[in-house]
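Protein chains: 2
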Amino acid sequence: MPDKPRLAFIGTGIMGAPMTRNLLKAGYSVCVHNRTTAKARPLADDGATLAESPAAAAADADVVMSCVTDSPDVRRVYLDEDSGVISTVRAGSLAIDFSTIAPAVAREVADALADKDVAMLDAPVSGGDVGAQNGTLSIMVGGSPEAFQRARPLFEALGKTITHCGPSGAGQQTKLCNQVLCALNLAGVCEAIVLACKAGLDPEPMLAATSGGAAGSWSLSNLGPKIAAGDFEPGFMIDLIQKDLRLVFESSREAGASLPATALVHQLFAAAQADGLGRKGTQALYRVLADLAKLD
Amino acid sequence: MPDKPRLAFIGTGIMGAPMTRNLLKAGYSVCVHNRTTAKARPLADDGATLAESPAAAAADADVVMSCVTDSPDVRRVYLDEDSGVISTVRAGSLAIDFSTIAPAVAREVADALADKDVAMLDAPVSGGDVGAQNGTLSIMVGGSPEAFQRARPLFEALGKTITHCGPSGAGQQTKLCNQVLCALNLAGVCEAIVLACKAGLDPEPMLAATSGGAAGSWSLSNLGPKIAAGDFEPGFMIDLIQKDLRLVFESSREAGASLPATALVHQLFAAAQADGLGRKGTQALYRVLADLAKLD
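Sequence order for the protein chains is A and B. Following the numbering used here, the numbering of the first sequence begins with 187 at its first residue and continues without gaps. Following the numbering used here, the numbering of the second sequence begins with 187 at its first residue and continues without gaps.
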């Protein structure tokens, strides 16, 4: 048994690559796999080893980690009979999935791994590519308290706010709540700026006056100035928050919840997608509301 | 001319009384008037003098201040021919209104006072009774830069974030943007907690996990824990945010803006009022959304 656990990291995209770099910097050995191999290759220069499949990456790992896009990707990475983690993973090892997926799928994959004596944590993150690079992610964790304690040193290499939210699926459920909050905070920022501009008010002192008080939010402080400056580059893309809001509504349907305000913002984001803004930052929601008000 | 300007303060309610106390503490002499005289009387013990009418309070003042509820109250306090400030106010003095009212009414009253050679600032505040007590209000100011500079020492005795937002009415317009932000941030908090509770997630770790990141807001940090604890006491009452949102929609109609998400939340607050929750804190919006989801 080595001093530090040997790691596998599957999915080295915009989030996974900088997370892997932070683990390498913290002195871990990491074997990486990415569906598009070319994207994983630069990590070899930083000391990672490359694997051809999730199964190959997991074969020698004490902890298997993943960060992919959606529920079917997580199912494939872990459960595929030929190439999935489940075909090689060693009893007693630990799995941590950082993707944002349906809580029900997180529980399904965790149950399948439990049959192989592998504990699994769902650990979706918030904080974007900048948070991944700087190791300042918020990490919302579901799973057993024992697995959470075991994973804590790894989380501390990746993030700042690390919260155990409950049993398997609770991390995903918390992330969905997080996205409800982000969507509505942003809608407020967009409508406030539309109202300001249409009423002839300079949005910049408005943002300065409101950011520090009871109206304040991360969205207001970080996305408000981008909107005022006409900067709609991502950050976090509309197509991705729409994927997350789809998961919110799958979850709310199963749970029997009604989320009217989130539903409205989901539809306004759909209008942004219809207008070709899906790959812009979420703050491009402003363009839809500005168009409604015939603002330039 | 005394070292410090002599002040009048009209409207010594839940906001005006602690604001007056902070001015007295800062060494100003203050003559107060309140429509219900009994409410002003305790301020006499703190050193204020009492006046029978706005006109009487303003007669000897260098700066006339007010903090009342709505546009008609401000019109009456300043413009009533018999008892209003305008009947006694001295040329060269300054007027500052801290109420939240229609930007158009703020401009109308400022124009009427300008004819008497009195400069007026609209200076609505955010931060609630606690901010008024602690002198930590956010103050959003509209009016001339000269009048703003003249009022600055007074603002500094009352608040922390003091912003000159533009010409007459711009303070009110900014406050309306502030209320749009508060309404939508709160809707997000309520729907996130409903989703958490219905999905069987403990809301407290959810609030802890989301408050420090991209989902964070003043509403989440301050009202989220109250909702989780079942505390719906005001704070800021639903009836008052509904008054402010009415002003938002008057303004957006005049300006030609469309605010669909704010409109939805305004209607959800109306459901709360219909359910007898108008005098509860704004966080009682949660009760409407919890009822929709048949949560206890």
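All C-beta atoms in this analysis are idealised placements derived from N, C-alpha and C, irrespective of residue type, glycine included.
Would you please verify whether the beta carbon of residue i is less than 8 Å from any beta carbon of chain B?
{"i": "residue 377/A", "result": "yes"}
{"i": "residue 448/A", "result": "yes"}
{"i": "residue 187/A", "result": "With a pLDDT of 42 at residue 187/A, under the threshold of 50, the modelled position of this residue cannot be trusted; read the value that follows with caution. Chain B contact via Cβ: absent."}
{"i": "residue 456/A", "result": "no"}
{"i": "residue 326/A", "result": "yes"}
{"i": "residue 340/A", "result": "no"}
{"i": "residue 451/A", "result": "yes"}
{"i": "residue 463/A", "result": "no"}
{"i": "residue 312/A", "result": "yes"}
{"i": "residue 399/A", "result": "yes"}
{"i": "residue 374/A", "result": "yes"}
{"i": "residue 239/A", "result": "no"}
{"i": "residue 402/A", "result": "yes"}
Looking at the C-beta of residue i, does it have a partner C-beta in chain A at a distance below 8 Å?
{"i": "residue 411/B", "result": "no"}
{"i": "residue 368/B", "result": "yes"}
{"i": "residue 208/B", "result": "no"}
{"i": "residue 433/B", "result": "no"}
{"i": "residue 423/B", "result": "no"}
{"i": "residue 443/B", "result": "yes"}
{"i": "residue 406/B", "result": "yes"}
For residue i, which beta-bridge partners are listed by DSSP?
{"i": "residue 235/A", "result": "217/A"}
{"i": "residue 281/A", "result": "250/A, 306/A"}
{"i": "residue 272/B", "result": "BP columns for residue 272/B are empty, so no partner."}
{"i": "residue 196/B", "result": "219/B, 252/B"}
{"i": "residue 467/B", "result": "423/B"}
{"i": "residue 405/B", "result": "Note: residue 405/B sits in no beta bridge, so no partner."}
Residue i versus chain B: which residues are under 8 Å apart at the beta carbon?
{"i": "residue 349/A", "result": "391, 394, 395"}
{"i": "residue 437/A", "result": "381, 385"}
{"i": "residue 285/A", "result": "None at all; the shortest Cβ gap to chain B is about 17 Å."}
Could you name the residues of chain A that residue i contacts, counting a contact when the two beta carbons are closer than 9 Å?
{"i": "residue 354/B", "result": "Within chain A, no residue comes near residue 354/B; the closest Cβ sits about 12 Å away, beyond 9 Å."}
{"i": "residue 220/B", "result": "Going along chain A, no residue has its Cβ under 9 Å from residue 220/B, so there is no contact; the nearest lies around 25 Å."}
{"i": "residue 479/B", "result": "438, 441, 442, 443, 444, 445"}
{"i": "residue 257/B", "result": "By Cβ distance, chain A contributes nothing, its closest Cβ being about 16 Å from residue 257/B, past 9 Å."}
{"i": "residue 320/B", "result": "Those do not exist, as residue 320/B stays about 13 Å from chain A at its closest Cβ, beyond 9 Å."}
For residue i, which residues in chain B fall below 7 Å Cβ to Cβ?
{"i": "residue 363/A", "result": "378, 381, 382, 392, 396"}
{"i": "residue 269/A", "result": "None at all; the shortest Cβ gap to chain B is about 32 Å."}
Identify the contact partners of residue i in chain A, using a Cβ-Cβ distance below 8 Å as the criterion.
{"i": "residue 360/B", "result": "382, 387, 391, 392, 395, 396"}
{"i": "residue 199/B", "result": "Going along chain A, no residue has its Cβ under 8 Å from residue 199/B, so there is no contact; the nearest lies around 18 Å."}
Since residue i and residue j should fall inside the 8 Å C-beta cutoff, what is the C-beta to C-beta distance between them, to a whole number of angstroms?
{"i": "residue 372/B", "j": "residue 396/A", "result": "That belief does not hold up - the Cβ atoms of residue 372/B and residue 396/A are roughly 14 Å apart, past 8 Å."}
{"i": "residue 443/B", "j": "residue 393/A", "result": "Wrong, their Cβ atoms sit about 17 Å apart, outside the cutoff."}
{"i": "residue 357/B", "j": "residue 327/B", "result": "5 Å"}
{"i": "residue 359/A", "j": "residue 437/A", "result": "7 Å"}
{"i": "residue 433/A", "j": "residue 296/A", "result": "Actually they are not in contact, since the Cβ atoms of residue 433/A and residue 296/A sit about 17 Å apart, beyond 8 Å."}
{"i": "residue 475/A", "j": "residue 390/A", "result": "Actually they are not in contact, since the Cβ atoms of residue 475/A and residue 390/A sit about 18 Å apart, beyond 8 Å."}
{"i": "residue 317/B", "j": "residue 323/B", "result": "4 Å"}
{"i": "residue 234/B", "j": "residue 217/B", "result": "7 Å"}
{"i": "residue 451/B", "j": "residue 370/B", "result": "6 Å"}
{"i": "residue 467/B", "j": "residue 420/B", "result": "4 Å"}
{"i": "residue 250/B", "j": "residue 340/B", "result": "Between residue 340/B and residue 250/B the Cβ distance is about 11 Å, and since that is not below 8 Å, they are no contact."}
{"i": "residue 230/A", "j": "residue 274/A", "result": "About 21 Å; that fails the 8 Å criterion."}
{"i": "residue 469/A", "j": "residue 409/A", "result": "4 Å"}
{"i": "residue 262/B", "j": "residue 270/B", "result": "7 Å"}
{"i": "residue 337/B", "j": "residue 282/B", "result": "6 Å"}
Let me check you understand the geometry: is the CB of residue i closer than 7 Å to at least one non-hydrogen atom of the ligand PLP?
{"i": "residue 416/A", "result": "In the structure on display, the ligand PLP does not appear, and there are no ligands present to speak of."}
Item to check | Start-end ranges of the beta strand (DSSP E) lying completely within the segment 284–366 of chain B, minimum 3 residues | outcome: 305–308, 323–328, 345–352
Checklist entry - If you scan the segment 409–444 of chain B from start to end, which runs of the alpha helix (DSSP H) of 4 or more residues do you find wholly inside it? => result At a cut-off of 4 residues, the continuous stretches assigned as alpha helix (DSSP H) that sit fully inside the segment 409–444 of chain B are 410–414, 424–441.
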